[in-house]
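Right, one structure below, let's go through it.
In the UniProt record's numbering, the protein residues as written are 1 to 153.
In structure tokens:
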């Protein structure tokens, strides 16, 4: 299972998603351009020392990303989708794609996706924070595919 962030704009969100990937064992794909300088201290502050425990790849653009992931299904999380993420059947090799914080993804990216799903929310609210959306979504996808890490001390 992978998480892909399309042109993320907020360093803290990227750091939080890197930490999420480290904790739950998901690789992270970052599709450039990003809205901040990569060596931004806010990335490392949010990821903390977890950045050393996650596999992540930076892709120069969407085409480079598509080439790198091969035949995996690309599942777009978008407020425009009708199907709930809780009704969608995830697969272990899915790539969960999230758009940029201010604008989501352009039409050509949405059209390249296998499926579009949404996270159910109460009326009157627009969307969750990117890192929160990724956490809720990854948790459900890993639960469905029996891929949650099991660590008991």
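Glycine residues also receive a C-beta, built at the ideal position from the N, C-alpha and C atoms.
For clarity, every value in this text was computed on a predicted model and none was experimentally measured.
Check                                                                                                                       : Outcome
Assuming contact is defined by CB atoms lying nearer than 8 Å, are residue 21 and residue 10 in contact in what I supplied? : no
Tell me whether the beta-carbon of residue 119 lies closer than 8 Å to the beta-carbon of residue 133.                      : yes
Tell me whether the beta-carbon of residue 159 lies closer than 8 Å to the beta-carbon of residue 8.                        : This structure gives no information on residue 159, because the portion of the chain shown stretches from 1 to 153.
What's the call for residue 19, buried or exposed, on a 16-neighbour Cβ count within 10 Å?                                  : buried
Report the partner residues of residue 104 according to the DSSP bridge assignment.                                         : 100
Which of the three DSSP states, helix, strand or coil, is assigned to residue 125?                                          : coil
May I ask which residues mark the beginning and end of the alpha helix (DSSP H) holding residue 12?                         : 11 to 24
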